Every structure is written in structure tokens, then in C-alpha cells.
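One structure is given here, and the rest of the page talks about it.
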Amino acid sequence: GSLVIAFTRMLRSMSLARSTLPHLMLCSLMRIIVQPDILFVSRDREEIITEKNIEGPPDLIIEIVSDSSREREIDRTIKRKLYAKYGVSEYWIVEPDERSIEVLSLRKEGCETIMGVKGDNLLISPVFAGLEIPLREIF
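Numbering (our numbering), first residue to last: -17 to 121.
Here it is in C-alpha cells:
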């Protein structure tokens, strides 16, 4: 809903990446199909975006956690491992009720949490140089 619109508008305005609407495009990671809430591909990798899907890992995936404990578990464990396995550089887990974002980055050991941002603090992306988002503009 509104969080998807806020993130998409903000990241597009910075001209760092191209976003895709998840209900229109699916991210094809090998033979596994996932449907992230939001995904971005950097401008220098736009060729992986096709009419049907994304042919390769996006640079950033954002999952907005729902109230369901099952969905929360999927975002925090299954998708985290899947995104790391197939080379997603950065993964944000958004907790709207807590007004927080966990920023994970791909390392040799998998997706590791490198930052937790809450309240009115500043989210700084390790992948998109210059991308700094005040949380007050999101929540």
C-alpha cells in the first residue's frame, strides 16, 4: 500500500535504479519464482529486466512484513536464505508496526544484518552510494 508507494517514489526520484511492480513482474531466480513487495535493479544492470520477468538477481529487495507470524517467518528465514543464495546484494525487511527497517547485505556467509533503523533515524544503503532515507519520510 502506502509504504510501497513511498519507497518506490523515493528511490525512483534518485534515479539510482529502476523499480518494477511486483504484481506485474516476478523475479526469476534460477527456477524459483518469488514475488517481492518491491525490487530495484541498478541503472547499469537494466538489461536483466525483460517483459516477462527479471533474469537475474535484483540489487535491492524490500519485503514489508505482515501481521502474520507465518509470513514474518518466511521473510526472515526462507527468503533471506534464497536471496543470499542467488546473489541479491541488499535486502530490507520493513516492520511497519515497529516503524523499523532491518538492512541486510550479501556477504560470504549469506545475508547479514548490517543496520537496524528505527524512529526518525537515517537509513543508509550499502549498495546504492548516496542513498540516504530519513525514516520519517517513509512511515
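Note that beta-carbon positions come from the ideal geometry of N, C-alpha and C, so glycine has one too. Every value quoted in this text rests on a predicted model; they were computed, and no experiment measured them.
Original post:
Would you say Glu29 reaches chain D, if we count a Cβ-Cβ gap shorter than 7 Å as a contact?
Top reply: In the structure shown, chain D cannot be found, because there is only a single protein chain.
Subject >> Residue of Asp41, Lys34, Glu33 minimising C-alpha distance to Arg25 >> reply: As a first step, residue 25 must be located in the sequence shown, where it is residue number 43. Arg25 has its Cα closest to that of Asp41, out of Asp41, Lys34, Glu33.
Subject >> Other residues of its chain near Arg118: CB distance less than 7 Å, five sequence neighbours each side excluded >> reply: As a position in the sequence shown, residue 118 is number 136, starting the count at 1. Excluding residues within five positions, the ones whose Cβ falls inside 7 Å are Asp102.
**OP:** Using only alpha-carbon positions, find the residue among Glu29, Gly69, Leu104, Glu45 that is nearest to Thr(-10).
**Re:** Your numbering for residue -10 matches position 8 in the sequence shown. Taking only the C-alpha atoms, the option nearest Thr(-10) is Glu45.
**OP:** Can you tell me which of the three DSSP states Met7 falls into?
**Re:** Residue numbering aside, residue 7 sits at position 25 when the sequence shown is read from its first letter. Note on Met7: pLDDT 44, under 50, position unreliable in the model; the coordinate value appears next. Three-state result, Met7: coil.
Subject >> Strand pairing of Thr95, partner residues [DSSP] >> reply: Start at 1 with the first residue of the sequence shown, and residue 95 comes out as number 113. Bridge partners of Thr95: Leu86.
**OP:** Please classify Leu113: does DSSP put it in a helix, a strand, or coil?
**Re:** Position 131 of the sequence shown, counted from the start, is the residue given in the question as residue 113. Here Leu113 sits in coil by DSSP.
Original post:
Where does Lys63 sit, in a helix, a strand or coil, going by DSSP?
Top reply: Here residue 63 corresponds to residue number 81 of the sequence shown, with the count starting at 1. Residue state, collapsed to three classes: helix.
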